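In the numbering used here, the protein residues as written are 24 to 171. The beta-carbon is built from N, C-alpha and C at its ideal position, and this holds for glycine as well. Every value quoted in this text rests on a predicted model; they were computed, and no experiment measured them. Inspection log for the structure reproduced underneath, given as structure tokens.
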């Protein structure tokens, strides 16, 4: 795996076309647009609220747990055109199976949601991270414009 930058979601803001997801390493912030339903789910998880019934990412998390598996990390690894690509790294081990690591193709939004839900780290490949525009100022401006 190439060098990675650890990030965390710091803001999920609704837009007319979906949700603006801001990820930061504490120094730089990037922006990607994601599905509004997944953005709402991430916001719910980040706020600590528990829905009355399991959401899709909860169900996936519970299924993994039932099989002795966990999300070890999510990695946003590429940008092709205007579409981000990610990998979800799953580790499984139980009484009848030795440790196994599985790497799955994933939408970054699902990778973010599962990393948040499973309390797993979220990364961006360093080369990709270095080529992305810093959106820290834009996020600050958006937050300031929303203040009463």
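Measuring alpha carbon to alpha carbon, tell me which residue in the options is nearest residue i.
| i | options | result |
| --- | --- | --- |
| residue 60 | 162, 43, 47, 75 | 43 |
| residue 137 | 73, 82, 168, 52 | 82 |
| residue 55 | 48, 35, 70 | 35 |
| residue 25 | 133, 155, 149 | 149 |
| residue 65 | 88, 48, 41, 86 | 41 |
| residue 58 | 152, 128, 37, 111 | 37 |
| residue 109 | 151, 164, 89 | 151 |
| residue 119 | 91, 135, 164, 103 | 91 |
| residue 113 | 105, 104, 94, 154 | 94 |
| residue 166 | 39, 45, 27 | 45 |
| residue 133 | 53, 68, 27 | 68 |
What is the C-beta distance between residue i and residue j, in whole angstroms, given that I count them as a contact (C-beta under 8 Å)?
| i | j | result |
| --- | --- | --- |
| residue 29 | residue 107 | That pair is no contact at about 17 Å. |
Look up residue i in the DSSP assignment and say whether it is helix, strand or coil.
| i | result |
| --- | --- |
| residue 166 | helix |
| residue 9 | For residue 9 there is no data in the structure shown, the boundaries of the chain being 24 and 171. |
| residue 119 | coil |
| residue 129 | strand |
| residue 134 | helix |
| residue 108 | strand |
| residue 97 | strand |
| residue 34 | strand |
| residue 158 | coil |
(request) Mind the definition here: the stretch 119-129 touches the stretch 140-147 only if three or more C-beta pairs lie below 8 Å; say whether that holds. (result) The stretch 119-129 is not in contact with the stretch 140-147.
| said: Any contact between the stretch 94-112 and the stretch 64-79? By contact I mean 3 or more CB pairs, one from each, below 8 Å. | reply: No, they do not touch.
Q | Complete runs of the alpha helix (DSSP H) confined to the stretch 33-83 [at least 4 residues] | A | The stretch 33-83 contains these whole alpha helix (DSSP H) runs: 59-70.
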